[in-house]
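The next block holds one structure in the form of structure tokens; read it before the comments.
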Amino acid sequence: MKKGTIELENGGVIEIEFFDQDAPNTVANFEKLANEGFYNGLVFHRVIPGFVAQGGCPNGTGTGGPGYTINCEINPNKHERGVLAMAHAGKNTGGSQFYITYAPQPHLDGVHTVFGKITSGMEYVDAFQGRDKMKEVKVYEA
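Counting from 1 along the sequence shown, just add 17 to a position and that's the residue number in our numbering.
Now the structure itself:
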């Protein structure tokens with residue numbers, strides 16, 4: 018089982034459990050980017066209370082990615098509070114941008130790949146003001 022952390026610039030730590038059985042390629046992609054340092058220093062550029070906090074854009078605007086795309090891995094996991102899912106601009110266009118849900122978002126089920134859930138630190142996500150920075154993102158075998 019894969020786990021991970023998002024250490025925030027303000028000192029908060031978000032702990033994650035990944036759904037590597039349900040979304041193996043998405044988790045492997047996130048792990049590769051995280052462990053290469055891709056996410057370090059990036060911001061959550063889109064914070065909509067009650068909906069999602071989205072990050073992973075190297076431009077900080079929602080317009081960028083890693084220079085390639087990955088396929089969706091739609092699975093039975095639902096968009097409940099505190100899940101991680103891949104953002105995309107249409108089917109099979111994900112890359113590095115991901116979001117964390119603040120509340121259930123059933124209209125996104127079956128549309129975006131849910132690939133993990135927060136196991137602790139959701140209070141830091143709840144406190145986001147916008148432009149909150151990721152200091153270091155890590156993924157490891159638990």
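Yeah, the Cβ is synthetic: ideal placement off N, Cα and C, and Gly gets one too.
Per DSSP, what kind of secondary structure is residue i in: helix, strand or coil?
i: residue 32; result: strand
i: residue 64; result: strand
i: residue 159; result: coil
i: residue 44; result: helix
i: residue 140; result: helix
i: residue 150; result: strand
Check this for me: beta carbons of residue i and residue j, under 9 Å apart or not?
i: residue 60; j: residue 81; result: no
i: residue 131; j: residue 100; result: yes
i: residue 73; j: residue 122; result: no
i: residue 63; j: residue 79; result: yes
i: residue 159; j: residue 90; result: no
i: residue 83; j: residue 55; result: yes
i: residue 21; j: residue 133; result: yes
i: residue 86; j: residue 109; result: yes
i: residue 25; j: residue 149; result: yes
i: residue 88; j: residue 42; result: yes
Ignore the nearest five residues each way along the sequence and tell me which others in residue i's own chain have a CB closer than 7 Å to its CB.
i: residue 67; result: 119, 120
i: residue 126; result: 95, 96
Which residues mark the beginning and the end of the beta strand (DSSP E) in which residue i is found?
i: residue 100; result: 100 to 103
i: residue 136; result: 131 to 137
i: residue 23; result: 19 to 25
i: residue 71; result: 69 to 72
i: residue 117; result: 115 to 118
The alpha helix (DSSP H) spanning residue i covers which residue range?
i: residue 145; result: It is not in any alpha helix (DSSP H) - residue 145 carries neither H nor E in the DSSP assignment.
My guess is that residue i and residue j are in contact by the Cβ rule of under 8 Å, so how many angstroms apart are they, rounded?
i: residue 124; j: residue 105; result: Residue 124 to residue 105, Cβ: 15 Å. No contact.
i: residue 142; j: residue 33; result: No, residue 142 and residue 33 are not in contact; Cβ-Cβ is about 11 Å, not under 8 Å.
i: residue 57; j: residue 151; result: 7 Å
i: residue 117; j: residue 69; result: 6 Å
So, at 6 Å on beta carbons, what are the nonlocal neighbours of residue i in its own chain, with the 5 sequence-adjacent residues on each side left out?
i: residue 23; result: 31, 151, 154
i: residue 75; result: 81
What residues in its chain sit with their C-beta under 8 Å from that of residue i, if we drop five residues either side in the sequence?
i: residue 36; result: 44, 92, 94, 131, 132, 133, 134
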